[in-house]
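**Student:** FYI, the numbering for the sequence shown is 11 to 452, going by this note's numbering.
Beta carbons: idealized from backbone N, C-alpha and C, even for Gly.
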Amino acid sequence: MNLKYATSAVLLVLLFACGGNNEANKVREQLMNAREQLELLESNKDGNPDVRAFIDESRHKLSEADLKLIEDDTSGARELVDHVLKDLERLRRGEDVRIKGKIGFGASSGLVRVDRGLGMEQWTPEIKPEPGMTIETGVRSSIHLNLAAGSRMMIGSSSRVHIDRVQGEHLNLSVDEGLVVVNHRGGSTEVAFRDHKFKLDPPATMEIASSDSSHGDYVSIQSGRAEWVGGGITGTLSSNQSLTWDGDGRVLVDLPSAPILDAPVGNQSFPATSVESPVNVKFDWHIRQPVPSYQIQVANTNRFEEIIKDTVLPDNSLQVELTAGVYFWRVRAISDSGIPGTFSPISQVRVEVAQSGTTSTSDGPKIYDTQIEIIADTAIVKGRSVKDAVISVNGVKAVMNMDGTFSVIVNFKRAGTQWVEIIARDSRGRETISRHKVEVEY
């Protein structure tokens, strides 16, 4: 993802935490929702130039809204953000005449299948949630969907969800099994689970889990509230509360609050000797009340679509080996009943090699005319050195021509900020190292 927008998001979170009037806080939250929708739209990479122009134009408006908030012009910022959100809604409904062809509002990882009444088929970004649709994820797959009114839904691995109703800003769905997280921002959302119905009051975040070996089925409210009805009984779930099933009965469980992240501090950078050399990064956090365990997640994006570390542990610290790149992390506490509470705010950490450019050691061969072209998860690297030099890029040996020019193709394992490291060596072992920072967008 684009580091610039991630930084803006972190700034907004800090501004929100520092206070300000309620109206400005609401605008900041809507602004973050709009940015997340644009990131999800961009992640589909359908190659549509009209969509690309739409994303760039919308991000420019959101940047202007940032400035107006700093200038305490809340009404001006709200007008810009509302304009972007309305454009996104028209785009979702296919009413934007500027956009030709189908566009998608979901991002998946692994194999996701849908049944729209004609049997199972593989999910594609162009498929929109519709009544009667069933979504299934595999053992190592998940899907993130943008819904109406800025709401979002994540369907985790080994899950099955049935869409009962989609009409304007109204969504009704049934969770058969697996893990589902609904981030409800507006309109009406109802979730059916275990013969119960839950109606969310916006803004609210709900987590539904079934068939997990570590605990029974549960519905938890991480923020906001939900009214529920089941078995002739009605009730309310508030923030940091969960309804779980013990045998044939229901149990209301209070969940632990979100942990406080201690280190690394926001956007802290750790030095690496090369792009492939791992660095041990220690993550620390604490919570006010004692809990039996924690869950920590480290990912390549702030939406946590690509999680590289997901661990449950009894301690409040963990060391993780990370190579050069930008990472996001969060932690939540797990209650005595085995049900996880609310995640902490997301924090960012960077692992970086030396500053971009060329540095020579022992008078190694010079490197000239470096060109780097990024295509999806691949870099095409070209340049020139002395004809008898041995060139490698990120550990891959380059093809040398008689005139000293070279070329090589390298692949990246993940998206985000990455490094291209070019090493030129001569027969006496002298070398020159050239490092370049690039942005990779799968």
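Which value, in whole angstroms, describes the spacing of the CA atoms of R440 and F293?
**Tutor:** Numbered from 1 along the sequence shown, position 430 holds the residue referred to as residue 440. Numbered from 1 along the sequence shown, position 283 holds the residue referred to as residue 293. Roughly 38 Å separates the two Cα atoms.
**Student:** Among the candidates T311, S347, I218 and F422, whose CA atom is the shortest distance from the CA of D457?
**Tutor:** For residue 457 there is no data in the structure shown, the boundaries of the chain being 11 and 452.
**Student:** Suppose the cutoff is 7 Å on Cβ atoms and the five residues either side in sequence are ignored; what does the same chain contact list for L262 look like?
**Tutor:** In the sequence shown, the residue the question calls residue 262 occupies position 252. Result list for L262: Q251 and L253, in chain order.
**Student:** Among the candidates G226, S284, S417 and H180, whose CA atom is the shortest distance from the CA of L210?
**Tutor:** Numbered from 1 along the sequence shown, position 200 holds the residue referred to as residue 210. When only C-alpha atoms are compared, the closest one is H180.
**Student:** Which stretch, first to last residue, makes up the beta strand (DSSP E) that contains R235?
**Tutor:** Along the sequence shown, one-based indexing puts residue 235 at 225. Element bounds for R235: Y228 to G240.
**Student:** Between D436 and chain D, is any beta-carbon pair separated by less than 9 Å?
**Tutor:** Annotation note: the requested chain D is absent from the structure, which comprises a single protein chain.
**Student:** Just the Cα atoms here: how many angstroms apart are S73 and Q428?
**Tutor:** By 1-based counting over the sequence shown, the position of residue 73 is 63. By 1-based counting over the sequence shown, the position of residue 428 is 418. Computed Cα separation, rounded: 25 Å.
**Student:** Work out the CA separation of S417 and K407 for me, nearest whole Å.
**Tutor:** As a position in the sequence shown, residue 407 is number 397, starting the count at 1. As a position in the sequence shown, residue 417 is number 407, starting the count at 1. Each residue's alpha carbon lies about 9 Å from the other.
**Student:** Closest by CA to T134, which one among I173, V149 and H154?
**Tutor:** Position 124 of the sequence shown, counted from the first residue, corresponds to residue 134. When each option's Cα is compared against that of T134, the closest is H154.
**Student:** Quick one: give me the first and last residue of the beta strand (DSSP E) that S167 is part of.
**Tutor:** By 1-based counting over the sequence shown, the position of residue 167 is 157. Neither: S167 is in no beta strand (DSSP E) and is coded neither H nor E.
**Student:** Cutting at 7 Å between CB atoms, please list the residues of its own chain near D264, excluding the five before and the five after it.
**Tutor:** Along the sequence shown, read from residue 1 onward, the residue named residue 264 stands at position 254. Only N250 and Q251 meet the Cβ criterion.
**Student:** Excluding sequence positions up to five away, which residues of its chain have a Cβ less than 7 Å from the Cβ of S248?
**Tutor:** By 1-based counting over the sequence shown, the position of residue 248 is 238. Once the five neighbours on either side are set aside, the close Cβ partners of S248 are I231 and R235.
**Student:** Express the C-alpha separation of F338 and N182 in angstroms, rounding to a whole number.
**Tutor:** One-based indexing of the sequence shown puts residue 182 at position 172. One-based indexing of the sequence shown puts residue 338 at position 328. Cα to Cα, N182 sits roughly 32 Å from F338.
**Student:** Pull up the distance between the alpha-carbon of L95 and that of E46, whole angstroms please.
**Tutor:** Residue 95 sits at position 85 when you count from the first residue of the sequence shown. Residue 46 sits at position 36 when you count from the first residue of the sequence shown. About 11 Å.
**Student:** According to DSSP, S198 sits in a beta bridge with which residue or residues?
**Tutor:** Locating residue 198 in the sequence shown gives position 188, counting from the first residue. Looking at the DSSP assignment, S198 forms a beta bridge with H180.
**Student:** Since I believe N277 is in contact with Q358 (beta carbons under 8 Å), could you give me their beta-carbon distance rounded to a whole number of angstroms?
**Tutor:** Within the sequence shown, numbered from 1, the residue matching residue 358 stands at position 348. Within the sequence shown, numbered from 1, the residue matching residue 277 stands at position 267. About 5 Å; that satisfies the 8 Å criterion.
**Student:** I need the straight-line Cα distance from V176 to P139, nearest angstrom please.
**Tutor:** Position 166 of the sequence shown, counted from the start, is the residue given in the question as residue 176. Position 129 of the sequence shown, counted from the start, is the residue given in the question as residue 139. Going from the Cα of V176 to the Cα of P139 covers about 7 Å.
**Student:** Going by C-alpha to C-alpha distance, which of V291, N411, N156 and Q132 sits closest to E146?
**Tutor:** Locating residue 146 in the sequence shown gives position 136, counting from the first residue. The shortest C-alpha separation from E146 is found at Q132.
**Student:** Just to confirm before moving on: does the CB-CB distance between S303 and L271 stay below 9 Å?
**Tutor:** For the purposes of this step, residue 303 is taken as the residue at position 293 of the sequence shown. For the purposes of this step, residue 271 is taken as the residue at position 261 of the sequence shown. No.
**Student:** Do you know offhand how far G160's Cα is from E99's?
**Tutor:** As a first step, residue 160 is located in the sequence shown; it is residue number 150 there, counting from the start. As a first step, residue 99 is located in the sequence shown; it is residue number 89 there, counting from the start. Taking the straight line from one Cα to the other gives about 8 Å.
**Student:** Determine the direct distance from the alpha carbon of S152 to that of T311, and round the result to whole angstroms.
**Tutor:** Mapped onto the sequence shown, residue 311 falls at position 301. Mapped onto the sequence shown, residue 152 falls at position 142. Whole-angstrom Cα-Cα distance: 15 Å.
**Student:** Given that a residue counts as buried once 16 or more other Cβ atoms are within 10 Å of its Cβ, and exposed if not, what is Y378?
**Tutor:** Here the question's residue 378 lines up with position 368 in the sequence shown. Y378 is exposed by the Cβ-count criterion.
**Student:** If you follow the beta strand (DSSP E) that T215 is part of, which residue opens it and which one closes it?
**Tutor:** Locating residue 215 in the sequence shown gives position 205, counting from the first residue. Taken as a continuous stretch (DSSP letters only), the beta strand (DSSP E) holding T215 covers H206 to S220.
**Student:** Going by the beta-carbon positions, is the gap between D186 and H172 smaller than 9 Å?
**Tutor:** The sequence position of residue 186 within the sequence shown is 176, counting from 1. The sequence position of residue 172 within the sequence shown is 162, counting from 1. Yes, Cβ-Cβ distance for D186 and H172 is below 9 Å.
**Student:** Ignore the nearest five residues each way along the sequence and tell me which others in K110's own chain have a CB closer than 7 Å to its CB.
**Tutor:** The residue given as residue 110 occupies position 100 in the sequence shown. Caution is warranted here: a pLDDT of 48 is assigned to K110, below 50, making its placement in the model unreliable, and the coordinate value is therefore given only provisionally. Counting only Cβ-Cβ distances below 7 Å, and skipping sequence neighbours, we find D60.
**Student:** Going by the CB atoms, is the gap between A219 and E316 shorter than 9 Å?
**Tutor:** As a working note, residue 316 is residue 306 in the sequence shown. As a working note, residue 219 is residue 209 in the sequence shown. Taking 9 Å as the Cβ cut-off, E316 and A219 do not qualify as a contacting pair.
**Student:** For the candidate residues M216, I306, T144 and I318, whose alpha-carbon lies nearest to that of L328?
**Tutor:** Taking the first residue of the sequence shown as 1, we reach residue 328 at position 318. The residue with the shortest Cα to Cα distance from L328 is I306.
**Student:** Shortest alpha-carbon distance to N411 belongs to which of S395, S169, E33 and V285?
**Tutor:** For the purposes of this step, residue 411 is taken as residue 401 along the sequence shown, with counting starting at 1. It is S395 whose Cα lies nearest to the Cα of N411.
**Student:** Could you compute how far the alpha carbon of R204 sits from the alpha carbon of V450?
**Tutor:** Mapped onto the sequence shown, residue 204 falls at position 194. Mapped onto the sequence shown, residue 450 falls at position 440. Rounded to whole angstroms, R204 to V450 spans 43 Å at the Cα level.
**Student:** Are the CB atoms of D76 and A87 nearer to each other than 9 Å?
**Tutor:** On the sequence shown, residue 76 is found 66 positions in, with the first residue counted as 1. On the sequence shown, residue 87 is found 77 positions in, with the first residue counted as 1. Yes, these two residues count as a Cβ contact at 9 Å.
**Student:** By the 10 Å Cβ neighbour count, where 16 or more other Cβ atoms means buried, how is V149 classified, buried or exposed?
**Tutor:** Stepping through the sequence shown from its first residue, residue 149 is reached at position 139. V149 should be labelled exposed.
**Student:** Kindly indicate the opening and closing residues of the beta strand (DSSP E) around V363.
**Tutor:** Residue mapping note: residue 363 aligns to position 353 of the sequence shown, counting from 1. First-last for V363: undefined, no H or E at that position.
**Student:** Span of the beta strand (DSSP E) holding D404?
**Tutor:** Reading the sequence shown from its first residue, position 394 is the one you call residue 404. Asp is not the amino acid found at residue 404; the sequence shown has Asn there. Looking at the DSSP string, N404 is not in any beta strand (DSSP E), and its letter there is neither H nor E.
**Student:** Please classify K392: does DSSP put it in a helix, a strand, or coil?
**Tutor:** In the sequence shown, counting from the first residue as 1, residue 392 sits at position 382. K392 falls in the strand class under three-state DSSP.
**Student:** With a Cβ-Cβ cutoff of 9 Å, do V459 and P281 count as a contact?
**Tutor:** Outside the shown range of the chain, which is 11 to 452, sits residue 459, and nothing can be said about it.
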